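Asks: Top line first, the protein sequences correspond to chains A and B. Per the working numbering, the very first residue in the first sequence carries number 32; after that it's consecutive. Per the working numbering, the very first residue in the second sequence carries number 239; after that it's consecutive. Each residue gets a CB set at the ideal place from its N, CA and C atoms; glycine is no exception. Source: prediction; values computed, not measured.
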Amino acid sequence: MQTVEQIKAAIEKAVPGAAVEVAPNPGPAAQHSLRIGPEHAVAVATFLRDDAELALDFLSNVTGVDWPDKEITEKVKVTRPVTKTVEGVEQTVEETVEETHKRVEPGYLESVYHLYSMAKKHGPVVIRMRTGNRTDRTELPSLTPVWRSGEFQEREVFDLYGIVFKGHPDLRRILMWDGFKDYPMRKDYVEPDDFEYEPTAHDEVLARAQEHRNREKGDEGTREPAAGGGGR
Amino acid sequence: MAVEEKLKIELGKQGVIVTSLQELYNWGRRNSVWPMQFGLACCAIEMIATTMARYDMARFGAEIFRPSPRQADMMIISGTVTKKMAPQVVRLYNQMAEPKYVIAMGACAISGGPFKQGYNVLKGIDRYIPVDVHIPGCPPRPEALLQALMTLQKKIDGQSLTGPDRPRYLDKEAQGEFPVPAQGEHDLEPPSNQGVWPVPITIK
């Protein structure tokens, strides 16, 4: 099978203007993937499926990844003129100061597709796409028109991560109910608090149950602690 | 009882059967508990095995699985109850005719089991409907289900037709229908039916 670099070159030749970059996997698996721009994604996918040499006719797996906002702290040396009074005379001196900068790198959602070839018996080729951010620009093109097997899997990614697949024939929640508002697989998902009773709570569960009881006590003022139940 | 136990046996030997209406009634009911035909997860496979020839649930009069809640006496909650499924389970229970019984089969049905800390699994069906017999296990073996059925039969046998401890279906004041939880924006609403499931108190 071709290497990812060769596939990247083939895509760039076949689909002019397509943004493709190699996302290396430094682990022992060395399963490098291709990150493609959402604008030309359908054209790229069609090429991967129809190309005689690649013939990636089987979409095995679609998953989502949540990359939350990242706060990056970096130290930068800055040289700037500072006005100082030295021996009664005002002077402008160049001074180098180390400053700490904090910036927030916006997060994004990512969809990952694992492609195989039934005809050529090779694979997987992994392609990824990123959304603009995690809140309002969560749209990605659907690859269901190219590989029919993506239909339910893209619905699942939509359900659990909230990636909106444009061009999907029937984009509804698949595991959770229709009125559900959250995306449970996102890192910042807050689970419903039903820790009122945990008969053998320990570790994290004990902490959550304790938290629940404290909240309940705060809500109702004088409430017997035993009524909260749970814990040891 | 008007007739002594010893005398009853003696009369039985002579071919005279003496009984009370309550005894006869409970005898008939406990030996014809028809389960409802539905399974939720892997425990259902064990439930199916229990009905087949090797374990033969028919010996206890519970072999006829009815496909309609109207014809069923017992509901075997066999498996994980997800929050998406829970309202339907409660609705089916409401549609069953009294007297009705519930066996919660397996770790998931009684407490949520291995999925307890998940966001989408109910932490035990007893939060919404009254459960008569809980069976632990993941999944419980068919013998455990038979044991549960025998426990239920014992329970039915002990029910009196009159008096303050008579079963729910003979009590006009008692609640026969249970509120179906709504699927809210974040969780089921309400998260539990406090009338059925008051928060248990741990005795230390």
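1) From the DSSP output, read off the bridge partner residues of A:GLU125.
2) Give the range of the beta strand (DSSP E) segment to which A:THR94 is assigned.
3) For chain B, find out if any of its Cβ atoms is closer than 7 Å to the Cβ of A:LYS115; answer yes or no.
4) Answer with yes or no whether the minimum CB distance from B:PRO374 to chain A is below 7 Å.
5) What residues in its chain sit with their C-beta under 7 Å from that of B:PRO405, if we drop five residues either side in the sequence?
6) Mind pulling the chain C residues with CB within less than 8 Å of B:ASP425?
7) So A:LYS212 is in the alpha helix (DSSP H); what residue range does that whole segment cover?
8) My output table needs one value for A:LYS133: the three-state DSSP class, helix, strand or coil.
9) Starting from the C-beta of B:GLY277, find all residues in its chain whose C-beta is less than 7 Å away, skip the five residues before and the five after it, and write them out in chain order.
10) State buried or exposed for A:PHE183, treating a residue as buried only when at least 16 other CB atoms are found within 10 Å of its CB.
11) Using DSSP with H/G/I as helix, E/B as strand and the rest coil, what is A:LEU206?
12) Do you know whose CA, among A:ASP225, A:LEU171, A:ALA50 and A:VAL107, lies nearest A:GLU130's CA?
13) Please return the same chain residues whose Cβ sits closer than 6 Å to the Cβ of B:CYS267, not counting the five positions on each side in sequence.
14) Quick check on B:SER306: buried or exposed, where buried means 16 or more other Cβ atoms within 10 Å of its Cβ?
15) Using a Cβ cut-off of 7 Å, which residues of the stretch 350-362 of chain B contact any Cβ in chain A, in chain order?
16) If you follow the alpha helix (DSSP H) that B:GLY250 is in, where does it begin and where does it stop?
17) Of all the residues that make up the stretch 36-54 of chain A, which are near chain B by a beta-carbon distance shorter than 7 Å?
18) With hydrogens ignored, establish whether the beta-carbon of B:VAL434 is closer than 6 Å to any heavy atom of the ligand ATP.
19) In chain B, what lies closer than 7 Å to A:PRO316 by C-beta?
20) Going by Cα to Cα distance, which pick from A:GLU52, A:ASP82 and A:ALA61 is closest to A:ALA45?
21) Would you mind stating whether A:GLU125 and A:THR114 have Cβ atoms separated by less than 7 Å?
22) List, in order along the chain, the chain B residues whose C-beta lies closer than 9 Å to that of A:GLY210?
23) Measure the CB-CB distance between A:ALA60 and A:VAL177 and report whether it falls below 7 Å.
24) Examine chain B for any beta-carbon lying closer than 7 Å to the beta-carbon of A:ASP190, and answer yes or no.
25) Tell me, please, which residues DSSP counts as bridged to B:PHE298.
26) Rounded to a whole number of angstroms, what is the C-alpha to C-alpha distance between B:ASP294 and B:PRO380?
27) Identify each residue in the stretch 313-329 of chain B for which the Cβ-Cβ distance to at least one residue of chain A is less than 7 Å, and report them in chain order.
28) Less than 7 Å between CB atoms is the rule here; does A:VAL157 satisfy it with respect to chain B?
29) So which of B:THR320, B:TYR357 and B:GLN326 has the shortest CA-CA distance to B:ILE348?
30) Any idea if B:PRO438 is buried or exposed, counting beta-carbon neighbours within 10 angstroms, 16 or more meaning buried?
31) Going by alpha carbons, who is nearest to B:PRO417 out of B:GLN385, B:VAL434 and B:ASP409?
32) Looking only at its chain, what residues have a beta carbon closer than 8 Å to the beta carbon of B:LEU399, apart from the 5 residues adjacent to it on each side?
33) Can you tell which of A:ILE205, A:ASN245 and A:SER142 has its C-alpha closest to the C-alpha of A:ILE67?
34) Have a look at B:ASN431 and B:TYR366 and give me their C-alpha separation to the nearest angstrom.
35) Taking DSSP's pairing of strands, which residues face B:GLN421 in a bridge?
36) Quick one: give me the first and last residue of the alpha helix (DSSP H) that A:TYR192 is part of.
Replies: According to the data block:
1) Beta-bridge annotation (DSSP): A:GLU125 is paired with A:PRO112.
2) That run of the beta strand (DSSP E) goes 89-98.
3) No, A:LYS115 lies away from the interface with chain B (no Cβ there is under 7 Å from its Cβ).
4) B:PRO374 does not count as touching chain A.
5) For B:PRO405, where only same-chain residues beyond five positions count, the Cβ hits under 7 Å are PRO337 and GLN397.
6) Chain labels in this structure do not include chain C; the protein chains are A and B.
7) Taken as a continuous stretch (DSSP letters only), A:LYS212 belongs to no alpha helix (DSSP H), as it is neither H nor E.
8) A:LYS133 falls in the strand class under three-state DSSP.
9) Excluding residues within five positions, the ones whose Cβ falls inside 7 Å are MET285, SER316 and GLY317.
10) Answer is exposed; the Cβ neighbour count stays below 16.
11) Here A:LEU206 sits in coil by DSSP.
12) Closest by alpha carbon: A:VAL107.
13) Looking at the sequence itself, residue 267 of chain B is Arg, so the reference to Cys does not match. The beta carbon of B:ARG267 sits closer than 6 Å to those of ILE394, all from its chain and outside the five residues before and after it, given in chain order.
14) The residue in question, B:SER306, is exposed, as its Cβ has fewer than 16 Cβ neighbours within 10 Å.
15) So the close ones are GLN355, TYR357, ASN358 and LYS361.
16) Unbroken alpha helix (DSSP H) run through B:GLY250: 243-251.
17) Answer set for the stretch 36-54 of chain A: empty.
18) In the structure on display, the ligand ATP does not appear, and there are no ligands present to speak of.
19) Outside the shown range of chain A, which is 32 to 263, sits residue 316 of chain A, and nothing can be said about it.
20) That would be A:ASP82, whose Cα lies nearest to the Cα of A:ALA45.
21) No. Outside cutoff.
22) Under the 9 Å cutoff, chain B gives ALA420, GLN421, GLY422 and GLU423.
23) Against a cut-off of 7 Å, the Cβ pair of A:VAL177 and A:ALA60 comes out as no contact.
24) Taking Cβ atoms only, chain B never reaches closer than 7 Å to A:ASP190, which makes this a no.
25) In DSSP, B:PHE298 forms no bridge with anything.
26) Straight-line spacing of the CA atoms in B:ASP294 and B:PRO380 works out to 10 Å.
27) Here the close residues are LYS322.
28) Residue-level contact check: A:VAL157 does not touch chain B, since none of the beta carbons of chain B fall below 7 Å from its beta carbon.
29) Put simply, of B:THR320, B:TYR357 and B:GLN326 the residue whose alpha carbon is nearest the alpha carbon of B:ILE348 is B:THR320.
30) It is exposed - the Cβ of B:PRO438 has fewer than 16 other Cβ atoms within 10 Å.
31) Minimum Cα distance to B:PRO417 is reached at B:VAL434.
32) Excluding the 5 residues flanking it on each side, B:LEU399 has same chain C-beta neighbours closer than 8 Å at LEU259, GLN260, TYR263 and LEU408, in chain order.
33) Ranking A:ILE205, A:ASN245 and A:SER142 by Cα distance to A:ILE67 puts A:SER142 first.
34) Taking the Cα positions, B:ASN431 is about 5 Å away from B:TYR366.
35) As DSSP reads the structure, B:GLN421 sits in a beta bridge with B:LEU426.
36) From DSSP, the alpha helix (DSSP H) with A:TYR192 extends over 181-192.
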